[in-house]
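First comes the structure, then the notes that go with it.
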Amino acid sequence: MDLQYSGRVLELGAQLTLYPIPDKGGLDSPRSLAIDSKSTERAAVAWLPKESDTVVALSNVSSQVINVRLSSEADSPQVVIGPHETILRNHRFEGASKEVIAFDANYDGPVDAIRAFGYVKSWKSGSFPLRFSDPAASTSSLLNAVGLRTTAPTHIALQNLSDQPVEYHLHLAEIGSEKPKTLDSAPSHLRPHTEEVVSITSPLRQMMAMGVERATLTLKTDADARSFVAAATQELQNALLEDVPFRPSNPRLIMRGAYPLRWTEDYTNFPMVANVSNAPMTVRAYAIVGGVTYTFSLRTVAPDTTTVFDVDQLRAKQTPDINGKVIPLDAKFGKFHWAPMVRTPTTLGLSGRNEEYSLINNRASSFSCQIACEYENESYPYFDNGFEGLYKAPFQTAARTSGAYQGIWDSYGNYATYPISDPYMFGTPHFDTTTVLNAFLQGNNTTVQSDTGNYGTTNFHYNWVSYNGQPSEDGSFCEYPLAASEDLGGPGQVPACPIPDDESTSYVRQALVDPVGAPTASDFLQTLVTVGNDDGNKIIESNNAYGSDSCSYDQTFPPIISVSMTTWTIGQVTPNYPEAQVVIPGHNQWGPDVVGYGPGAVRYFQLNRPKLGLSMPCGFSLHQNLEIQCVQDGTRTSYKPNNSLTSTIDGTGLTNCRSGKCSRFTYP
Amino acid sequence: MKIKLVPLVLLANVVFMHCQLRQRTMHVTSEEATGLILSVGSYTPLKDAIDYLNHEYGWLVSYEDPLYLDSQVEDIAVPSWRKAHPGERGFYVPKWTELKLRITKPTGQAGDQVKILGELVQQYNQLNREDKFSVRTFSKTRTAVVGNIRGVDVMGHATVLPQKLERNGSEEMRRLTEECGAQMRMRLVIGTVPINALAHIIIPPRKTAFPCSDAFDALTEKTGDNLIYQVMDDITDQMFVVSIIPNRVVLHSEP
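Protein sequence lines correspond, in order, to chains A and B. Each residue of the first sequence is one higher than the last, beginning at 1 in our numbering. Each residue of the second sequence is one higher than the last, beginning at 1001 in our numbering.
Shown next, in the form of structure tokens:
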């Protein structure tokens, strides 16, 4: 099967699940990619259960004939494979006492021409894959099998490919604990060009007795990176075997991962990331499920510990992430990504794995594949409150605050945000300052505070440093710092006077001395909710939307569908106006705003609407927009855009309302 | 019996159709490239045409009703109200009129307003009606279409006297209404006015007597630059109603 797609490298992953024996456990086909090969050698080693068969498939994906030498085939070591041909080699070990099987293939031709895959099949024990790897592609002799179950009988198959004896020892460390319980085996030796199987069932049981459910196994050797091959197989239950791959924790191939998530039937997911280095490593992880990016907080993984991202529990309990998002319960599939936040040239350290487990499907799958260096990321600052627009007042401390976040995009468009708290994530952030506004990062770079200075306008500029990419195969970094500066938009405007956040309104009295509104209109007085002194500035009303008047039916008394476009002075009495002499605005107050029909209209509608069969009550409804005008600079700013003004006439009087505050009069 | 019932039912329908307030209609169509046809159905069709031009073109044309003759008006109070209020005065409106008025399409040039209003008035005055209209010009942008019966308009020669003191717009509105109403054939009451806006303007002393129409226009202009005044004949209550209203509603827009 040949699967091709367009898009970024490793954007798509695919895996076959095979069931070689009906009603027994399934096994997964490991991936086969050209980028995984550096030489024409392939090696695999595996535990061999009693009465088992092996099947090896050798595929020639090139367009030339390839001669393959397969070391374990005594009768026919030389295999000729035509272009785009696959050959199968079956071996049966019935009754044999052999406990381990090793394959070593080499060929002439392009390094990525031969793709080898196989599996071990036992009618009694089940089936598991034979993982062929290119020893030359390994850059570390430190091999890890992440998150082994301590309850399962476990077999470790080892192969020494070199001409020298190899010393090795096994190290088990509890997962999910910052102070893990550990267990070390005594050093052992493996002769040159030999293979053996080691049971670690007993040490795992010891760990289980200490209350440990899972442990990460580290295989430490004195061999060079290309000389040692290992495989771990765990016997779970019902002839279900789980193949847990050993991975070298070299940066290029391992130090980030992308695994599938699945919640169909009884599938469970268990993503883990282990740190086998001597230094703490910070990991960022996120799950993308049903269109939601669920972002875990940055997690520092101590040396010799394994951290667990329990997506199943977080989904079941609907636990919010650092941005308040939850994993949708109705989503059946997703993906889990992790990557290190490493900004020093570390050459090894992190290994990851996700286990998908389903009893119904007789399947326990490991996902631990690497992602190539091309898997870049880019990061930018993100602020949850914009800098543009109007600031409320001059000379104010913390006139506006904004949460500061690090937005990270991977090359596939996945996006996650984090509080800017990781010193690796930012260089030296710096805001340009002006006499109008001064913005600066605060609180361990988690917020931006903007202080206003004198009035005027300004644009915002922000200098910052971020990083792209990942460490490369040879230990150098393919990431690179970006010294960037970004315009954050604008302009930000500081008016010459405080802009109210709102106002409160109060009904004061019946407008008894207004020459045209008395006695059916109402006086309302407003108090501004503002940070400073606005006395002397202006309040200007306008229409936010068309008003309506259900009383007026002809042109004799025209409908009231507009405010009167009036300007009031804050804190001052309107000269020569009788109503203002008795409804006096105080500090930061304005008014009176006189609301209502005039008496002639009230009487006209009360008397004449019934004659026409028109219903009562009726009334007008206006949508008042209120602006403040700073006298000093002439700026006009809307602070209450849709204030409600109504008046309702019935047979015995009328009710006038402003902002929900109402007064009722009997009239006539 | 069936033959006798048919005309009775028809008659009932006719009566019912006239005894209710009718919805005004206005259809505007282009006539060639430079003309408009205003098809109006209304109790006050000329006023409706002016309202359309004010709204559509931002004109500032005020309006004064004539004092309608009894022969020109009808009672449209609904039968149920009549039945419940025997002997009481119903609700009177000018008789419903449907007409087509042809005008030059406004181009926004100076002189448009007076010229087109002249076209409107001329056509209306050629109808076989007793109410006639004339155009009164206050300034380049402000005019009024004034109704009359046999050459007599409702404000007639009403004037307001000089005023020595400053006063606000509300007070001016009250005084004008009282003084002018006292010289008119029926009392004059205040209709729909911008109560707050009137309270916030100062009217300077008036050194000479002023025709009432000019005084109302001056007050209207001072109160707001998109306002017009109108004087309507409240036939039912036998009074005139003076209002100051916007030529069209202006919505706030962010700068």
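For each residue, glycine too, the CB sits at the ideal point set by N, CA and C.
Chain-order list of residues whose beta-carbon lies under 7 angstroms from that of residue i (same chain, five-residue window excluded)
i, result
"LEU240 of chain A", "GLY25, GLY126, ASN362, ALA364"
"LYS220 of chain A", "LEU142, TYR168, HIS169, HIS171"
"ASN60 of chain A", "ILE66, ILE81, GLY82, PRO83, HIS84, GLU85, ALA113, ILE114"
"SER316 of chain A", "One point to set straight first is that residue 316 of chain A is Ala, not Ser, in the sequence displayed. There are no such residues."
"TYR1057 of chain B", "PRO1106"
Beta-carbon proximity list for residue i, same chain, < 6 angstroms, skipping 5 on both sides
i, result
"LEU1008 of chain B", "Caution applies to LEU1008 of chain B, whose pLDDT of 33 falls short of 50 and renders its modelled position unreliable; the model cannot decide the point."
"TRP568 of chain A", "ILE539, TRP590"
"VAL1006 of chain B", "Residue placement at VAL1006 of chain B cannot be trusted, given a pLDDT of 33 that sits under 50; what the coordinates show is reported in the next sentence. Answer for VAL1006 of chain B: no residue qualifies."
"MET255 of chain A", "PRO340, LEU350"
"LYS89 of chain A", "Per the sequence shown, the amino acid found at residue 89 of chain A is Arg instead of Lys. The answer, listed in chain order, is VAL56."
"ASN278 of chain A", "PRO303"
"THR655 of chain A", "THR648, CYS662, ARG664"
Presumed contact (8 angstroms Cβ cut-off) between residue i and residue j, rounded CB distance
i, j, result
"PRO491 of chain A", "THR458 of chain A", "6 angstroms"
"ALA209 of chain A", "SER133 of chain A", "Not confirmed; about 34 angstroms, so no contact."
"GLU1145 of chain B", "LEU1046 of chain B", "Sequence check: residue 1145 of chain B is Val here, not Glu. Sure, about 7 angstroms apart at Cβ, within 8 angstroms."
"ALA231 of chain A", "VAL45 of chain A", "6 angstroms"
"ASP514 of chain A", "GLU579 of chain A", "5 angstroms"
"SER97 of chain A", "GLU51 of chain A", "Wrong, their Cβ atoms sit about 11 angstroms apart, outside the cutoff."
"SER1039 of chain B", "THR1220 of chain B", "Contact doesn't hold; Cβ gap of about 30 angstroms is too wide."
Cross-chain neighbours of residue i in chain B, by beta carbon under 8 angstroms
i, result
"ILE560 of chain A", "THR1192"
"ASN537 of chain A", "Correct list: empty, because the minimum Cβ distance to chain B is about 15 angstroms."
"ASP554 of chain A", "LEU1021, TYR1043, VAL1093"
"SER542 of chain A", "VAL1250, LEU1251, HIS1252"
"GLY598 of chain A", "ILE1190, GLY1191, THR1192, VAL1193, ILE1195"
Nearest candidate by alpha-carbon position, reference residue i, set the options
i, options, result
"ALA302 of chain A", "A:ILE200, A:GLY517, A:GLU178, A:TYR553", "A:GLU178"
"SER659 of chain A", "A:ARG131, A:PRO153, A:ASP163, A:ASP502", "A:ASP502"
"LEU512 of chain A", "A:TYR667, A:PRO585, A:VAL563", "A:TYR667"
"SER162 of chain A", "A:THR201, A:ARG149, A:ASP104", "A:ASP104"
"THR566 of chain A", "A:PRO610, A:THR433, A:LEU626, A:THR635", "A:LEU626"
"SER1213 of chain B", "B:ILE1103, B:SER1243, B:ILE1235", "B:SER1243"
"THR446 of chain A", "A:TYR382, A:PHE460, A:ILE408", "A:TYR382"
"ALA203 of chain A", "A:SER450, A:GLU195, A:VAL212", "Checking the sequence, you will find Pro at residue 203 of chain A rather than Ala. Ranking A:SER450, A:GLU195, A:VAL212 by Cα distance to PRO203 of chain A puts A:VAL212 first."
"ARG353 of chain A", "A:TYR19, A:SER644, A:ALA285", "A:ALA285"
"CYS551 of chain A", "A:PRO559, A:ALA545, A:ASN544", "A:PRO559"
Chain B contact residues for residue i, given Cβ-Cβ distances below 7 angstroms
i, result
"SER564 of chain A", "PRO1194, ILE1195, ASN1196, ALA1197"
"ASN625 of chain A", "HIS1252"
"ALA670 of chain A", "Residue 670 of chain A is absent from the model: chain A starts at 1 and stops at 668."
"THR567 of chain A", "HIS1200"
8 angstroms CB neighbourhood of residue i in its chain, flanking five on each side removed
i, result
"ASN454 of chain A", "PRO394, PHE395, THR435, VAL436, VAL494"
"ALA74 of chain A", "Here the model assigns ALA74 of chain A a pLDDT of 47, short of 50, so the residue's position is not dependable and the matter cannot be decided."
"ALA1199 of chain B", "ASN1168, GLY1169, SER1170"
"GLU41 of chain A", "ASP104, ALA105, ASN106, ASP134, PRO135, ALA136"
"ASP224 of chain A", "SER141, SER162"
"ASN160 of chain A", "VAL166, LEU190, ARG191, PRO192, HIS193, THR194, GLU195, ALA223, SER227, PHE228"
"LYS38 of chain A", "VAL111, ASP134, ALA136, ALA137"
Contact list for residue i against chain A, beta-carbon separation under 9 angstroms
i, result
"ILE1202 of chain B", "PRO575, ASN576"
"ILE1050 of chain B", "Ordered by position in chain A, no residue passes the 9 angstroms Cβ test against ILE1050 of chain B, which lies about 11 angstroms from the chain."
"GLY1090 of chain B", "LYS611"
Contact set between residue i and chain B, taken where Cβ atoms lie within less than 9 angstroms
i, result
"GLU579 of chain A", "SER1170, ALA1199"
"VAL594 of chain A", "ILE1195, ASN1196, ALA1199"
"PHE557 of chain A", "GLY1191, THR1192, MET1232, ASP1234, VAL1241, SER1243"
"TYR546 of chain A", "VAL1249, LEU1251"
Contacts of residue i in chain A (Cβ-Cβ under 7 angstroms)
i, result
"LYS1083 of chain B", "What LYS1083 of chain B touches in chain A: nothing, since even the nearest Cβ is about 12 angstroms away."
Cross-chain neighbours of residue i in chain A, by beta carbon under 8 angstroms
i, result
"LYS1047 of chain B", "GLN555"
| Chain-ordered residues of the stretch 1234-1247 of chain B with a beta carbon less than 8 angstroms from chain A | ASP1234, THR1236, ASP1237, VAL1241, SER1243, ILE1245, PRO1246
| task | Please name the residues in the stretch 605-621 of chain A whose beta-carbon is closer than 8 angstroms to at least one beta-carbon of chain B, in chain order. | result | LEU607, ASN608, PRO610, LYS611, LEU612, GLY613, LEU614
| query | What are the residues of the stretch 1144-1166 of chain B that lie near chain A, defined by any Cβ-Cβ distance shorter than 7 angstroms? | reply | GLU1166
| said: So if I threshold CB-CB distances at 7 angstroms, which residues from the stretch 1202-1224 of chain B count as touching chain A? | reply: Across the stretch 1202-1224 of chain B, CB contacts with chain A closer than 7 angstroms involve ILE1202, GLY1224, in sequence order along the chain.
| Relative to chain B, which residues along the stretch 503-537 of chain A have a C-beta separation below 7 angstroms, given in chain order? | Within the stretch 503-537 of chain A, the residues whose Cβ lies closer than 7 angstroms to some Cβ of chain B are ASP514, PRO515, VAL516, GLY517, ALA521, listed in chain order.
| field | Contact residues within the stretch 1170-1185 of chain B, judged by C-beta distance below 9 angstroms to chain A | value | Taking 9 angstroms as the Cβ-Cβ cut-off against chain A, the residues of the stretch 1170-1185 of chain B that qualify are SER1170, GLU1171, GLU1172, MET1173, ARG1174, ARG1175, THR1177.
| said: By the 8 angstroms beta-carbon criterion, what residues does the stretch 1069-1081 of chain B contribute toward chain A? | reply: ILE1076, ALA1077, VAL1078, SER1080, TRP1081
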